[in-house]
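When we follow my numbering, the leftmost residue of the sequence shown carries the number -7, and every step to the right adds one. Presented below is the structure to which this report refers.
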Amino acid sequence: MTQEISSPFERSPAGVSGKRCVVLDATADAELWRWIYQLAPQGTPQWASLFHGTEYAALSEHGPALVFSEQAGDWDDYASALLEQSNAGCVLYLDNPQDWSAAVKHCQSLLTVTTDDGCKQLMRFFEPRWLEPLFASLAPVERDEFLGPFSGMAWRNELGWRYVARADTWSGVVQKPGWLHLGSQRQQRITQVRLKVIATELALDYQSVLIMPEPTDFVFNQLLVAQAAGAEKKAHYERWLRLALCSEGADWPSQAAHAVLARTDLVMTGKLDELERLQG
């Protein structure tokens, strides 16, 4: 179950065990590799490129790294700031530092998922915007397998810092890459939970004008309608919500709006432009 927490760099989650590590993606900072060494608290850092030694090795320069990050100092300050300011990765708590090699292999196993047709594809398992929806789609046993040698995982999304703990002890078995099945049903579940996160964020942002009894439910229902109409991006959803709020109690989407949404010569951004023009 996902919990709300304060920053794990300020205070460890209640009941957590293990040593703090971070997964950071070089796409968030091209200088990541230099900072790993320059800001290491005691000279040589303990870290591993997660793409190294995998089928994604050619992309290692732009891939994620697992870094032991237990001591306070310049490195922790850097990692904390990067995770606060971007979707750079997550925090993991390693039960036993002696399991470092297994921890690296476990993280590498999460990089590949299997789809319904049996194909393997890359998954950025550390992407904080999708971790809460992903965990919501996992059965308890799968959740523990996903965490593996780590007692818990923390990440920061639009709702703040979040945390999931492993329920049982780790079996000691490192799964093979592709063990996690990401089928169409799971993808649908992930997409809907992600939409719920966005709805909760927007309900907080627009709480001064959401005067209905259940504002989050209202927003979520509006986003479902927007999704059915072709919205995919967060910016689309927020624009749709504004249009719904500006309709002032009238049926939304209106007959004129349905006509715009049915147009095949416009992408969703263009349709929203036209809807905003019509609404004045």
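All C-beta atoms in this analysis are idealised placements derived from N, C-alpha and C, irrespective of residue type, glycine included.
- In the structure shown, the three-state DSSP call for Glu47 is coil.
- CA-to-CA, the gap between Asp66 and Leu216 works out to about 44 Å.
- In this structure Val156 touches Gly144 by the C-beta definition: roughly 6 Å separates them, less than 8 Å.
- A check of alpha carbon separations from Asp108 across His54, Ser176, Leu172, His98 identifies Ser176 as the nearest.
- Collapsing the DSSP output to three states places Asn88 in coil.
- In the three-state reduction of the DSSP assignment, Arg234 falls in the helix class.
- Put simply, the backbone Cα of Ala22 is about 17 Å away from that of Arg116.
- For the set Val96, Ala20, Arg269, the Cα lying nearest the Cα of Trp39 is the one of Val96.
- Under the three-state reduction of DSSP, Glu124 is assigned to helix.
- Closest in alpha carbon position to Val14, among Glu53, Phe118, Asn88, is Phe118.
- The straight-line gap separating the alpha-carbon atoms of Glu268 and His54 is approximately 39 Å.
- Out of Thr183, Ser129, Thr192, the CA that lies nearest to the CA of Ala223 is found in Thr183.
- Judged by DSSP in its simplified three-state form, Met145 adopts strand.
- C-alpha of Arg181 to C-alpha of Pro125: approximately 8 Å in a straight line.
- Residue state for Ala57 is assigned as strand, using DSSP reduced to three classes.
- By the CB criterion at 8 Å, Leu24 and Leu102 fall outside the cutoff.
- Counting only runs of at least 4 residues, the segment 162 to 199 fully encloses the following alpha helix (DSSP H) elements, listed from N- to C-terminal order: 176 to 197.
- Short of 8 Å from the beta carbon of Ser246, and not among the five residues preceding or following it, lie these beta carbons of its own chain, in chain order: Ser239.
- Annotation for Thr19: His54 place their beta carbon closer than 7 Å to its own, counting only its chain and skipping 5 residues before and after.
- When only Cα atoms are considered, Val83 and Leu139 end up about 11 Å apart.
- If you check the CB distance, Val105 and Leu151 do not come in under 8 Å.
- Just so you know, the alpha carbons of His228 and Trp92 end up roughly 42 Å apart.
- Within the model, the alpha-carbon separation for Gly10 versus Thr36 is close to 21 Å.
- Glu(-4) and Lys168 have their C-alpha atoms roughly 31 Å apart.
- In the displayed model, Arg158 falls within coil according to three-state DSSP, outside both helix and strand.
- When beta bridges are read from the DSSP output, Gly152 appears opposite Asn149.
- Per DSSP, the unbroken alpha helix (DSSP H) holding Glu76 starts and ends at 66 to 77.
- Within the same chain, Cβ atoms closer than 7 Å to the Cβ of Ala49 are found at Phe43, the five residues on either side in sequence being excluded.
- Burial is judged here by how many other beta carbons sit within 10 angstroms of a residue's own beta carbon; Tyr85 has at least 16 and is buried.
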